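Structure record follows, encoded as structure tokens.
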Amino acid sequence: MEKASHKKTAEERPLFIVLSGPSGIGKDAILARMKESDYPLEYITTVTTRPRRAKERDNVDYHFISTESFQGMISGNELLEWANVYGNWYGVPKGAVKQALDKGRDTIVKVDIQGAATIKKILPQAVFIFLMPASMEELALRLKQRHTESPSDLTLRTKTAEEEIKQLPLLDYIVVNKQDEIDLAVSEIKAIITAEKCRVAPREITL
Numbered sequence: 047m048e049k050a051s052h053k054k055t056a057e058e059r060p061l062f063i064v065l066s067g068p069s070g071i072g073k074d075a076i077l078a079r080m081k082e083s084d085y086p087l088e089y090i091t092t093v094t095t096r097p098r099r100a101k102e103r104d105n106v107d108y109h110f111i112s113t114e115s116f117q118g119m120i121s122g123n124e125l126l127e128w129a130n131v132y133g134n135w136y137g138v139p140k141g142a143v144k145q146a147l148d149k150g151r152d153t154i155v156k157v158d159i160q161g162a163a164t165i166k167k168i169l170p171q172a173v174f175i176f177l178m179p180a181s182m183e184e185l186a187l188r189l190k191q192r193h194t195e196s197p198s199d200l201t202l203r204t205k206t207a208e209e210e211i212k213q214l215p216l217l218d219y220i221v222v223n224k225q226d227e228i229d230l231a232v233s234e235i236k237a238i239i240t241a242e243k244c245r246v247a248p249r250e251i252t253l
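Just so we're aligned: 168 in the working numbering is position 122 of the sequence shown, and the numbers increase by one with no gaps anywhere.
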């Protein structure tokens, strides 16, 4: 009797996880905590033209490049998605994503909701997770505590967050990242990944 051809299970197929959420919700902190726990993910570093903030490290938190270099990446089709956010360019390097997935590695990237919507059109089988604040008041407080935005910028970012939350139907999962409860949010993201690995019909990512 012939053996049935082996079809990869969800456990064997790499996931492409897209983590999005409003400015100030803690996307960087979540990813940093996951890295600290040695969780087996390939973390894609976003490219940006914005100035580096205190304590940020080049090629770790972001790849900080010039606007000219960024435009060159767009022209060379080197970005999976890109957008101008609050006057600065951000993009996801396509080559790094493809390399990680080709190696069979579960891969995660952080983007804003605009970026998530773009990736949804290109890779609809990705796993889309949205980080939510416990309340808009808490989000406004977080932004204020960063001391990196002017009062007018704070108002703009809060209003933008309200609009972003309206686009939740585009995504697959919501994780509430409450102030000082980052470990709970990280645990929920890990639980989502575990559930995805148990799917009867695995997601198929082709890039």
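Glycine included, each C-beta is placed from N, C-alpha and C at the ideal position. Note that this is a predicted model, so its numbers are computed, not measured.
Counting only runs of 4+ residues, the alpha helix (DSSP H) found wholly inside the segment 139 to 200 occupies 140 to 148, 159 to 168, 182 to 192, in chain order.
Here the segment 76 to 96 makes no contact with the segment 165 to 172; the two share fewer than three CB pairs at distances below 8 Å. Its chain contains 137, 138, 157, 161, 164, 165, 168 as the residues whose beta carbon lies nearer than 8 Å to that of residue 127, once the 5 sequence neighbours on both sides are disregarded; these appear in chain order. If you compare the alpha carbons of 215, 189, 212 with that of residue 203, the shortest gap goes to 189. As computed with DSSP, residue 206 is found in no beta bridge at all.
The three-state reading of DSSP puts residue 71 in coil, since its state is none of H, G, I, E or B. At least 7 Å separates the beta-carbon of residue 54 from that of residue 65.
Residue 131 carries a strand assignment under DSSP once its states are collapsed to helix, strand and coil.
The Cβ-Cβ distance between residue 178 and residue 222 falls below 7 Å. The closest CA to that of residue 98, considering only 88, 92, 110, 89, is found on 110. The segment 113 to 122 makes no contact with the segment 144 to 153; the number of CB pairs closer than 8 Å stays below 3. With respect to residue 57, residue 236 sits apart: the two C-beta atoms are not nearer than 7 Å. With 16 or more other CB atoms across the displayed protein chains lying within 10 angstroms of its CB, residue 185 is buried. Boundaries around residue 221 are those of the beta strand (DSSP E), 219 to 222, since no alpha helix (DSSP H) includes it. By the neighbour-count definition (other C-beta atoms within 10 Å, threshold 16), residue 83 is an exposed residue.
Check the Cα spacing between residue 70 and each of 151, 86, 210, 90: the tightest is with 210.
Counting only residues of its own chain and dropping the five nearest sequence neighbours on each side, residue 216 has a CB closer than 8 Å to the CB of 159, 162, 163, 166, 174.
When DSSP states are grouped into helix, strand and coil, residue 65 belongs to the strand group. For residue 134, the closest C-alpha among the options 92, 187, 154 is that of 92.
For residue 68, the number of other beta carbons within 10 angstroms of its own is at least 16, and it is reported as buried. The C-beta of residue 106 has fewer than 16 other C-beta atoms within 10 Å across all chains shown, which makes the residue exposed.
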